Amino acid sequence: YKITAAEFVISAVRPEQLPEDALPEIALAGRSNVGKSSLINKMIQRKALARTSSQPGKTQQLNYYRINEQLYFVDFPGYGYAKVSKVQREKWGQIIEAYIRDRKQLKLLLLIIDIRHPPTKDDCLMYEWLKHHGIPVCIVATKSDKIPRGKWDKHVKMVKETLQAESTDPVVLFSSETGNGREDLWDVIRRVSAK
Ligand code: GDP
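Numbering (UniProt numbering), first residue to last: 12 to 206.
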């Protein structure tokens, strides 16, 4: 998939700031430090367009990137950041849940999981929200370069079992280091955004 244009659009903190041009939106969620910004940068072949999302205080923004004038990546704030207060965490939940519930342009959510570790409680909660609201999910097991190829299957199985994922959910093995899975992930994204 050739990237001809990729630009940062806005860090939205209020619903009225969300873009109005109705392009399909592909959201990305995962715990902080899971590798979300690296994945975005790899997908769009830019070194550092997506800044690291794990800073505290940025916990309530939806970061919009417009790709090829065709779709948006919507980067959710990373969850599970230890120093975030309970009030901030609740606020985070409200913003994200409202987006998931109301945003018609949302076509797919990429749930980013570190392939080395079982999904966290927050990952499982996110997965349940998505299913509750009927949002298509693609599970992305990233940092695949960190474990030997022979162990990929076993780890993917562990990820799916912990999430209690449906067998129809696509799963993509990914590495921002090697580019593994980049084309597979674009295939999944293209399939849903063409609908
Ligand atoms: P974010 O907080 O989810 O946006 O995470 P970042 O993209 O900032 O990545 C967190 C750390 O993991 C950084 O040190 C990255 O270099 C590293 N990282 C991210 N993706 C990969 C990957 O696929 N493979 C390896 N080996 N390291 C990665």
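Beta carbons: idealized from backbone N, C-alpha and C, even for Gly.
Quantities reported herein were computed from a predicted structural model and do not represent experimental measurements.
Does the Cβ of G41 lie closer than 7 Å to at least one heavy atom of the ligand GDP?
-> yes
Helix, strand or coil: which one does DSSP assign to Y76?
-> strand
Thinking C-alpha only, which one of S43, S187, R77, Q72 is nearest H91?
-> Correcting the residue type first, residue 91 is Gly in the shown sequence and not His. Here the closest residue by C-alpha is S43.
Examine the ligand GDP and report whether any of its heavy atoms sits within less than 7 Å of the Cβ of N74.
-> no
Buried or exposed (CB count within 10 angstroms, at least 16 for buried), A152 | buried
Given that a residue counts as buried once 16 or more other Cβ atoms are within 10 Å of its Cβ, and exposed if not, what is K157?
-> exposed
How about the segment 157 to 172 and the segment 104 to 119: do they share at least three Cβ pairs that are nearer than 8 Å?
-> no
Report the three-state DSSP secondary structure of H144 (helix, strand or coil).
-> coil
Pair every Cβ in the segment 46 to 61 with every Cβ in the segment 187 to 204, then say whether three or more of these pairs are closer than 8 Å.
-> yes
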